[in-house]
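A.B. asks: A single structure is presented below for examination.
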Amino acid sequence: MSKDLTNSAIHRQNILNNTYALQEIEKATHITGIPFEGKTVVLKEQVADFFEVSLRTVESYLSRFEAELVRNGYEVIKGKRLKSLKSVLQGMDVPETYFGNIAKAPQLGILDFRAFLNLAMLMVESERARLLRQAILDIVIDTINLRTGGGTKYINQRDEDFLHSLFVEENYRKQFTDALRDCVDMGNLKYPMYTDKIYVSIFREKAKEYHKILRLHEKDSVRDTFYAEILDLVASYECGLAEMLRSASGSKGRALSVLEVDILFKEFESLPHWKPLIEKARNKMASRDLAFRDALHNQLQEYITPLRAEEFERFLGEKSKELAERLDDAKDVMKRLKERE
100 MSKDLTNSAI
110 HRQNILNNTY
120 ALQEIEKATH
130 ITGIPFEGKT
140 VVLKEQVADF
150 FEVSLRTVES
160 YLSRFEAELV
170 RNGYEVIKGK
180 RLKSLKSVLQ
190 GMDVPETYFG
200 NIAKAPQLGI
210 LDFRAFLNLA
220 MLMVESERAR
230 LLRQAILDIV
240 IDTINLRTGG
250 GTKYINQRDE
260 DFLHSLFVEE
270 NYRKQFTDAL
280 RDCVDMGNLK
290 YPMYTDKIYV
300 SIFREKAKEY
310 HKILRLHEKD
320 SVRDTFYAEI
330 LDLVASYECG
340 LAEMLRSASG
350 SKGRALSVLE
360 VDILFKEFES
370 LPHWKPLIEK
380 ARNKMASRDL
390 AFRDALHNQL
400 QEYITPLRAE
410 EFERFLGEKS
420 KELAERLDDA
430 KDVMKRLKER
440 E
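Here it is as structure tokens:
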């Protein structure tokens, strides 16, 4: 998917919240700044020089996108902090034109590395900014692929909650398919048909549509790519629907017709307690797939938000593991429990 960082606040924020990518970008760019309060900062004059634009252009972006830039490390300092920065500048090889302009300034705007990158992702006038945006996108992709072993199809399985959710869902899946078998008067088409109804209810896509969006192979299992929160919600649907099917079938003393099941399903999905759970699931699926898998769920665009830094840690950090490692861990735990019996 083509990403125009200048037009997408979500893409920009996803990059700026990815601490692993930021570390690699900082190594690659070698941006020279001013050491201040344990980090490196730059002045707007230095930004203008780097991007080969006028100071007025930089100030225009700082004004137009102030809220976003402040959120990502731009700030205006004064008082003791400004005095401290001026002291640092006096001891550095900073052009006289810079220091002469700020020596008497009552306040000063500074940008840390995140804010500097944020500005690079906004600036359309600068060729250097354009080249930096290309490098940023390449580094982000390389960083995610490196930390996930070369692909993101199963990045969901690096979450420590995935394996438990998968096992739980499989149990409720069996209850649901057994209820369909025993309580619905229809052939084998009922299994994929009502599975799709669950998917559409939760994330507005049938299995075939989801397959296409994630570019899965024909034999790939859809559920193997679900995040833990999606598996939990699917399991809740399956558990509740299985109970309702058996109850309705038992009260009538016969298997239910397709029309009766469709009416029951409509009543079930309309229960108000599903709304916050569905909205959360849609947000997780749409936002994570866009950031990690470069996959856009068109039906869920309204739910897309930037990922927090904690999300990148959850799926790319040291605590995340490949499924094979988690299975090995689970086997070891089961073995120890068996030995205690």
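So the sequence shown is numbered by the numbering used here: it starts at 100 and just counts up by one. For glycine and all other residues, C-beta sits at the position ideal for the given N, C-alpha and C. No experiment lies behind these values; they were computed from the predicted model shown.
Using 8 Å as the threshold, is the C-beta distance between residue 328 and residue 383 below it?
C.D. replies: Residue mapping note: residue 328 aligns to position 229 of the sequence shown, counting from 1. Residue mapping note: residue 383 aligns to position 284 of the sequence shown, counting from 1. For residue 328 and residue 383, yes; Cβs fall inside 8 Å.
A.B. asks: How about the stretch 310-330 and the stretch 248-257: do they share at least three Cβ pairs that are nearer than 8 Å?
C.D. replies: As far as the Cβ criterion goes, the stretch 310-330 touches the stretch 248-257, which means the pair count is three or higher.
A.B. asks: Whole alpha helix (DSSP H) runs in the stretch 304-345 with 4 or more residues, listed along the chain?
C.D. replies: As far as the stretch 304-345 is concerned, its whole alpha helix (DSSP H) runs of at least 4 residues are 306-312.
A.B. asks: Per DSSP, what kind of secondary structure is residue 365 in: helix, strand or coil?
C.D. replies: Residue numbering aside, residue 365 sits at position 266 when the sequence shown is read from its first letter. Residue 365: helix per DSSP, three-state reduction.
A.B. asks: Compute the beta-carbon to beta-carbon distance between residue 258 and residue 326, rounded to the nearest angstrom, for a pair I have assumed lies under 8 Å.
C.D. replies: Indexing the sequence shown from 1 puts residue 258 at position 159. Indexing the sequence shown from 1 puts residue 326 at position 227. Residue 258 to residue 326, Cβ: 7 Å. Contact.
A.B. asks: Please return the same chain residues whose Cβ sits closer than 7 Å to the Cβ of residue 267, not counting the five positions on each side in sequence.
C.D. replies: As a first step, residue 267 is located in the sequence shown; it is residue number 168 there, counting from the start. Once the five neighbours on either side are set aside, the close Cβ partners of residue 267 are 334.
A.B. asks: For the stretch 387-427, which segments carrying the alpha helix (DSSP H) assignment without a break, of at least 4 residues, lie completely within its bounds, in sequence order?
C.D. replies: Within the stretch 387-427, the complete alpha helix (DSSP H) runs of at least 4 residues are 408-415.
A.B. asks: Can you tell me the Cα-Cα spacing of residue 220 and residue 238, whole angstroms?
C.D. replies: In the sequence shown, residue 220 corresponds to position 121, counting from 1. In the sequence shown, residue 238 corresponds to position 139, counting from 1. Approximately 14 Å between the Cα atoms of the pair.
A.B. asks: Comparing C-alpha positions only, which one of 216, 112 and 102 sits nearest to residue 407?
C.D. replies: Locating residue 407 in the sequence shown gives position 308, where the first residue counts as 1. The candidate whose alpha carbon is nearest that of residue 407 is 112.
A.B. asks: For the alpha helix (DSSP H) containing residue 187, list its first residue and its last residue.
C.D. replies: One-based indexing of the sequence shown puts residue 187 at position 88. Per DSSP, residue 187 belongs to the alpha helix (DSSP H) from 178-189.
A.B. asks: Quick check: the stretch 284-295 against the stretch 303-310, are there 3 or more CB pairs under 8 Å?
C.D. replies: Touching, yes, given that three or more Cβ pairs across the two stretches are closer than 8 Å.
A.B. asks: Can you tell me the Cα-Cα spacing of residue 240 and residue 363, whole angstroms?
C.D. replies: For the purposes of this step, residue 240 is taken as residue 141 along the sequence shown, with counting starting at 1. For the purposes of this step, residue 363 is taken as residue 264 along the sequence shown, with counting starting at 1. Each residue's Cα considered, the two are about 45 Å apart.
A.B. asks: If we ignore side chains and look at the alpha-carbon of each, how far apart do residue 118 and residue 186 end up?
C.D. replies: By one-based count along the sequence shown, residue 118 stands at place 19. By one-based count along the sequence shown, residue 186 stands at place 87. Straight-line Cα distance between these residues: approximately 30 Å.
A.B. asks: What is the DSSP secondary structure of residue 209, counted as helix, strand or coil?
C.D. replies: As a working note, residue 209 is residue 110 in the sequence shown. Three-state DSSP puts residue 209 in a strand.
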